[in-house]
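One structure is given below, encoded as structure tokens.
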Amino acid sequence: MDLETAADELYGVDPDEFVPTRTRLVQQARAAKDRPLATAIAALKKPTRSAWLVNLLRDDRAAGESLTALAGRLAKAHQSVDLVALRAVGAERQKLVDDLTRRAVAAGAERGYVATEAVRLEVQGTLSAAVADASVLTEVLSARVVKAQVYSGFGFTMPLAAPAPATAPPAAGAPSSDDADAEAQKAGLAQQALAEATDRLLEARTALD
Numbered sequence: 219m220d221l222e223t224a225a226d227e228l229y230g231v232d233p234d235e236f237v238p239t240r241t242r243l244v245q246q247a248r249a250a251k252d253r254p255l256a257t258a259i260a261a262l263k264k265p266t267r268s269a270w271l272v273n274l275l276r277d278d279r280a281a282g283e284s285l286t287a288l289a290g291r292l293a294k295a296h297q298s299v300d301l302v303a304l305r306a307v308g309a310e311r312q313k314l315v316d317d318l319t320r321r322a323v324a325a326g327a328e329r330g331y332v333a334t335e336a337v338r339l340e341v342q343g344t345l346s347a348a349v350a351d352a353s354v355l356t357e358v359l360s361a362r363v364v365k366a367q368v369y370s371g372f373g374f375t376m377p378l379a380a381p382a383p384a385t386a387p388p389a390a391g392a393p394s395s396d397d398a399d400a401e402a403q404k405a406g407l408a409q410q411a412l413a414e415a416t417d418r419l420l421e422a423r424t425a426l427d
């Protein structure tokens, strides 16, 4: 066993099984007297639900190829200041991200997990970020996503805060889970609007230059 093999197994299991699986793999490495490997495995972080759904796309070869191709076209359009290409890639990005989000959510459903709207929006945001950010794309292609990312509209990303544990009791006056989902949906829609607005701003500035 090596680190890549261990990581492949860990990021493929249900998040609820991550910790016990990691513990077992660490014990195996220690039993083999490979302390550096045991330490490296122990350092692997548990993915959020949305990150796990994105990681499930590793079994979908066409998904990776489509993301890579689109990311390349987006980078080329920016470098060449091709406004027509930027608009075309923007429309294609939204269509591809929506399609891959549905496929990721469906893959989770096949494994018994029904994604909430908040989780679905995080999946969508991470996939959109992968088109614009090479580091996020690498995580997605290698199925090593740990937490959701948000596309900022300027070619860099901002990490989303990890959700609070499901077992944590709500604080007094805290919003219900339904309210939280509604707020997450509003935030996702606002983020999408921001991305589209900043894309248009970039085009306008380029045209002005």
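Going by the working numbering, the letters in the sequence shown line up with residues 219 to 427, in that order.
Note that beta-carbon positions come from the ideal geometry of N, C-alpha and C, so glycine has one too.
Please tell me whether residue i and residue j are closer than 8 Å, where the distance is taken between their beta carbons.
| i | j | result |
| --- | --- | --- |
| residue 258 | residue 228 | no |
| residue 363 | residue 263 | no |
| residue 314 | residue 288 | yes |
| residue 247 | residue 219 | yes |
| residue 244 | residue 256 | yes |
| residue 349 | residue 285 | yes |
| residue 234 | residue 329 | no |
| residue 260 | residue 242 | no |
Residues in its own chain within less than 7 Å of residue i by CB, not counting five upstream and five downstream?
| i | result |
| --- | --- |
| residue 323 | 271, 333, 338, 341 |
| residue 295 | 303, 304, 307 |
| residue 326 | 271, 274, 333 |
| residue 366 | 266, 268, 269, 340, 343, 344, 378 |
| residue 357 | 363 |
Which of helix, strand or coil does DSSP assign to residue i?
| i | result |
| --- | --- |
| residue 368 | strand |
| residue 226 | helix |
| residue 294 | helix |
| residue 360 | coil |
| residue 347 | helix |
| residue 329 | coil |
| residue 238 | helix |
| residue 250 | coil |
| residue 264 | coil |
| residue 231 | coil |
| residue 257 | helix |
| residue 286 | helix |
| residue 334 | coil |
| residue 317 | helix |
| residue 277 | helix |
Got a sec? Which residues, its chain only, sit under 6 Å from residue i by beta carbon, not counting five neighbours each side?
| i | result |
| --- | --- |
| residue 318 | 281, 345 |
| residue 359 | 282 |
| residue 361 | 229, 273, 276 |
Starting from the C-beta of residue i, find all residues in its chain whose C-beta is less than 8 Å away, skip the five residues before and the five after it, and write them out in chain order.
| i | result |
| --- | --- |
| residue 321 | 275, 278, 281 |
| residue 253 | 247 |
| residue 311 | 288, 292, 346, 349 |
Within 8 Å of any Cβ in chain C, is that where the Cβ of residue i sits?
| i | result |
| --- | --- |
| residue 353 | The structure shown contains no chain C; it is built from a single protein chain. |
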